[in-house]
Amino acid sequence: MTKHSVQTFDDAATTEWRAFDGLTGVTFVPLAEPIPEGSIHRARLTKGTVIPPPTHPADEYVLVVSGVLETGGRRCEAGTFWTTPSNVRQGPHVAITDTEILTIRLGPLGSFEA
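Those letters in the sequence shown? Residues 1 to 114, by full-length UniProt numbering.
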């Protein structure tokens with residue numbers, strides 16, 4: 001991501017969503033890189049999408065913006081916020097409905113179980 005010297009904006013109406021390599025049913029929009037290899041991004045999961053359990057080598061913070069997502073056996077509706085410390089297995093994440101999340105990850109992505 002490019003460092004800007006002015007205030008920048010991302011408008012939902014003009015946002016270009018990208019496919020997330022290796023995760024069918026997931027698209028995302030990178031918003032910022034708060035630290036090297038970190039990420040602040042929006043992600044959309046289509047209903048029925050399952051993201052295999054990930055383990056990230058950095059702390060992660062997630063807000064459900066819309067929809068319903070189940071993670072680690074817990075139902076999370078719009079407004080639910082969760083934190084996961086580094087190197088802790090989470091998920092799987094299952095989109096019960098079309099869902100949008102906002103994620104802040106303070107380091108590298110890590111890996112997903114097969």
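Glycine included, C-beta positions come from ideal geometry on N, C-alpha and C.
| Asked | Found |
| --- | --- |
| Within its chain, find whatever has a CB closer than 6 Å to the CB of F112; leave out the 5 residues flanking it on each side and keep chain order. | P52, P54 |
| Does the separation of the CB atoms of R105 and G38 fall below 7 Å? | yes |
| Go through its chain and collect everything with a Cβ distance to V94's Cβ below 6 Å, but skip five positions before and after it. | V50, E70 |
| Do G107 and A58 have their C-beta atoms within less than 7 Å of each other? | yes |
| What does T41 pair with, by DSSP beta-bridge criteria? | The amino acid occupying residue 41 in the given sequence is His; Thr does not appear at that position. DSSP lists P30, T103 as partners of H41. |
| Assign A114 to one of three DSSP states: helix, strand, or coil. | coil |
| Does residue 128 pass the burial test, meaning 16 or more other C-beta atoms within 10 Å, or should it be called exposed? | Limits of the chain in this structure are 1 at one end and 114 at the other, which puts residue 128 out of reach. |
| Which of helix, strand or coil does DSSP assign to T71? | strand |
| Could you give the first and the last residue of the continuous beta strand (DSSP E) run that contains A13? | A13 -> no beta strand (DSSP E), and no H or E assigned at all. |
| With burial defined as no fewer than 16 other Cβ atoms inside 10 Å of the residue's Cβ, what is the status of R18: buried or exposed? | exposed |
| Of all the options A114, S66, T80, which has the alpha carbon lying nearest to the alpha carbon of residue 153? | There is no way to answer for residue 153, as the model of the chain reaches only from 1 to 114. |
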